[in-house]
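Residues 1 to 344, numbered by full-length UniProt numbering, are exactly what the sequence shown covers, in order. All C-beta atoms, glycine included, are put in the ideal place defined by N, C-alpha and C. Predicted, not measured: the structure shown is a model, and the values here were computed from it. Everything below concerns the one structure shown next.
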Amino acid sequence: MHGLSAICDIRSIIESARSFVAQTVNSSLVMLYWQIGKRIKQDVLRNKRAGYGERIVATLSRQLTGDYGHSFSEKNLRRMIQFFEVFSDEKIVVSLIRQLTWTHFIALIPLEDPLQRDFYAEMCRLERWNVRTLRKKIDGMLYERTALSKKPKQLVHQELSLLRNEDKLTPDIVFRDPYFLDFLGLKDTYSEKDIEAAILREMEAFILELGVGFTFLARQKRITIDHKDYYLDLLFYHRKLHRLIAIELKLGQFQAQDKGQMELYLKWLAKHEQDADEQSPIGLILCAGKSTEHIELLELEKSGIRVAEYLTKLLPRKVLEQKLHKAIQIARKQLEDSRIEDKS
Numbered sequence: 001m002h003g004l005s006a007i008c009d010i011r012s013i014i015e016s017a018r019s020f021v022a023q024t025v026n027s028s029l030v031m032l033y034w035q036i037g038k039r040i041k042q043d044v045l046r047n048k049r050a051g052y053g054e055r056i057v058a059t060l061s062r063q064l065t066g067d068y069g070h071s072f073s074e075k076n077l078r079r080m081i082q083f084f085e086v087f088s089d090e091k092i093v094v095s096l097i098r099q100l101t102w103t104h105f106i107a108l109i110p111l112e113d114p115l116q117r118d119f120y121a122e123m124c125r126l127e128r129w130n131v132r133t134l135r136k137k138i139d140g141m142l143y144e145r146t147a148l149s150k151k152p153k154q155l156v157h158q159e160l161s162l163l164r165n166e167d168k169l170t171p172d173i174v175f176r177d178p179y180f181l182d183f184l185g186l187k188d189t190y191s192e193k194d195i196e197a198a199i200l201r202e203m204e205a206f207i208l209e210l211g212v213g214f215t216f217l218a219r220q221k222r223i224t225i226d227h228k229d230y231y232l233d234l235l236f237y238h239r240k241l242h243r244l245i246a247i248e249l250k251l252g253q254f255q256a257q258d259k260g261q262m263e264l265y266l267k268w269l270a271k272h273e274q275d276a277d278e279q280s281p282i283g284l285i286l287c288a289g290k291s292t293e294h295i296e297l298l299e300l301e302k303s304g305i306r307v308a309e310y311l312t313k314l315l316p317r318k319v320l321e322q323k324l325h326k327a328i329q330i331a332r333k334q335l336e337d338s339r340i341e342d343k344s
């Protein structure tokens, strides 16, 4: 028994050391590339014509590859220059390289919007995405679908600063607007029960769409007020927001009474379900269409209610369809089979 225990301990020590060495090597390598990019950009290419710049980078590459190998090819040197150009703040780079590899940065460098790039970098750091997940999030336009992306640039910058400095997720970062439910294959023939049933059967895929941190709590949560029973469609808890998330599925345009109903649910949850160390519950209403003017008139943002819409049209990027989870295909087939049985 003592020998077995010793083996386990030694294995743990070895694995920890390997992990530490790998992280140290990665951090050193990425920082080296950043410093090379900085040196070439600031000292070698400063105020130089484009033609001269191309020649000097090619010359540097020939010399460096001869001494140190193909990691310093002309293509990679240009990437290092771009790396410094888009991540010019050394403090930010230092904070990111604890989790992000050089391949992560290669995926981030082409993004033209600095706020979009910062969003993916910080979420990648916080949620420990691998490179494949990062690319999937970018291809799926995750940033464009957050409520955060609809805000003025200054406010976006402030929320990203909170995320960077305090690891603080805000509701605007967590919530996606609109939610792409076209992946369920329901098209124009769906019903509210079809949507809910498909979502519940494929809960894992839906949670991944919502974002890391959601925990499923209840379906058709019974809420009793004045001896009358109401049923909340879906109830989640978000670990990082420390909030209950109430979700209602609605067909058709958003109606004023939907807001009143959700507020009723939120007050009940705050009184009967919310723990002392938790933030107040948030309500999310999914509806078939959204009128921005109507939402602003009701000031839903101030009351904590968010409204998203079902999109039943093809996304501009077909890459989403290629990366759908197999579980989604199962859900679609089940719904189609049930319709065939009903018609027969």
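Quick one: using the 10 Å Cβ neighbour count with 16 as the cut-off for buried, is residue i buried or exposed?
| i | result |
| --- | --- |
| PRO281 | buried |
| ARG243 | buried |
| LEU155 | exposed |
| VAL21 | exposed |
| ALA17 | exposed |
| VAL25 | exposed |
| THR224 | exposed |
| VAL174 | buried |
| GLY283 | buried |
| GLU159 | buried |
| ASN130 | exposed |
| HIS104 | buried |
| ALA246 | buried |
In angstroms, rounded to a whole number, what distance separates the CA positions of residue i and residue j?
| i | j | result |
| --- | --- | --- |
| MET262 | PRO152 | 27 angstroms |
| GLU74 | LYS41 | 14 angstroms |
| ARG164 | MET141 | 21 angstroms |
| ILE97 | MET31 | 8 angstroms |
| LEU126 | GLU278 | 21 angstroms |
| TRP34 | PHE84 | 6 angstroms |
| LEU4 | ARG306 | 55 angstroms |
| LEU115 | LEU100 | 18 angstroms |
| LYS228 | LYS168 | 38 angstroms |
| SER28 | ILE56 | 25 angstroms |
| SER12 | ARG128 | 22 angstroms |
| LEU235 | TRP268 | 13 angstroms |
| PRO178 | LEU249 | 13 angstroms |
Taking the continuous beta strand (DSSP E) assigned at residue i, which residues delimit it?
| i | result |
| --- | --- |
| ARG219 | 214-225 |
| LEU96 | Segment 90-96 is the alpha helix (DSSP H) holding LEU96; no beta strand (DSSP E) there. |
| LEU148 | Element bounds for LEU148: n/a, residue is neither H nor E. |
| ILE40 | Careful: ILE40 lies outside any beta strand (DSSP E) and carries neither H nor E. |
At which residues does the alpha helix (DSSP H) containing residue i begin and terminate?
| i | result |
| --- | --- |
| PHE256 | It is Ala, not Phe, that sits at residue 256 in the sequence shown. It spans 256-272 - the alpha helix (DSSP H) in which ALA256 sits, taken as one unbroken run. |
| LYS75 | 74-86 |
| LYS136 | 131-139 |
| TYR120 | 114-127 |
| ILE173 | 171-174 |
| ALA107 | 102-108 |
Taking DSSP's pairing of strands, which residues face residue i in a bridge?
| i | result |
| --- | --- |
| TYR231 | ARG222 |
| TYR237 | THR215, LEU244 |
| PHE25 | The displayed chain sequence assigns Val, not Phe, to residue 25. Bridge partners of VAL25: none, in fact. |
| ARG306 | LEU284 |
| LEU249 | LEU286 |
Would residue i count as contacting chain C if we go by Cβ distances under 9 angstroms?
| i | result |
| --- | --- |
| GLU127 | As a matter of chain content, chain C is missing from the structure shown, which is built from one protein chain. |
Does the region 4-14 come close enough to the region 51-61 that 3 or more CB-CB pairs lie under 8 angstroms? Segments in contact, no.
Evaluate contact between the region 117-126 and the region 96-108, counting only Cβ atoms and requiring at least three cross-stretch pairs below 8 angstroms. Verdict: yes, contact present.
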